[in-house]
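Below is one structure, written out as structure tokens; comments come after it.
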Amino acid sequence: MTYLAQTLLGLEGTAATTAAEATGTAADGGLLTLVLPMVLMFAVFYFLLIRPQRKKDKKVKDMLSALKVGDRISTIGGIFGTITAIKDDTIELTVGKDNVKLIMARWAIRQVEDVAVENDTEVLN
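No gaps in the numbering here: position 36 of the sequence shown is 26 in this note's numbering, and each next residue is one more.
Set out below in structure tokens:
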């Protein structure tokens, strides 16, 4: 081999090594630029959507497990009543001034009311 050929091979080898090193560095940086946004998106979804929903679900579960006879409740259908009996998954309510009895599913309760609902001059049960 001539000196010119060895020089060209040496340069090509050096250029190839430099290109491989640059590609390896770019690949590592490329992987980081792909993974980092995904991790950040997951963190944002967790703190803005998943975590608050879990807290809300826990609060509702605690409220449903703490129900007792005599509690004034409202249902998801907008019915206000007073609990007269509690069974496993059902609740018996008295509703209105005539004390009409209704049987509802426990999951259908929206909230426990703090104050009795009043209708102008008379208090509804």
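Glycine included, each C-beta is placed from N, C-alpha and C at the ideal position.
Cutoff 8 Å: residue i Cβ touching any chain C Cβ
{"i": "Asp52", "result": "Although the question refers to chain C, the structure presented lacks it and comprises just one protein chain."}
First and last residue of the uninterrupted beta strand (DSSP E) at residue i
{"i": "Lys91", "result": "Val90 to Ala95"}
{"i": "Ala75", "result": "Phe70 to Ile76"}
{"i": "Leu125", "result": "Here the chain comprises residues numbered -9 to 115, so residue 125 is not present and cannot be evaluated."}
{"i": "Ile66", "result": "First-last for Ile66: undefined, no H or E at that position."}
{"i": "Val59", "result": "Careful: Val59 lies outside any beta strand (DSSP E) and carries neither H nor E."}
Integer-rounded CB distance, given that residue j should sit under 8 Å from residue i
{"i": "Lys91", "j": "Glu103", "result": "Contact doesn't hold; Cβ gap of about 19 Å is too wide."}
{"i": "Ala95", "j": "Asp79", "result": "6 Å"}
Enclosing alpha helix (DSSP H) for residue i [first to last residue]
{"i": "Leu54", "result": "Arg41 to Ser55"}
Residue from the options whose Cα sits closest to the Cα of residue i
{"i": "Ile69", "options": "Val29, Leu30, Met31 and Ile99", "result": "Ile99"}
{"i": "Leu57", "options": "Ala75, Leu26 and Phe32", "result": "Ala75"}
{"i": "Gly119", "options": "Met53, Gln101 and Asp88", "result": "For the chain, the structure presents residues -9 to 115; residue 119 sits outside this window and is missing."}
{"i": "Gly71", "options": "Val50, Thr84 and Gly60", "result": "Thr84"}
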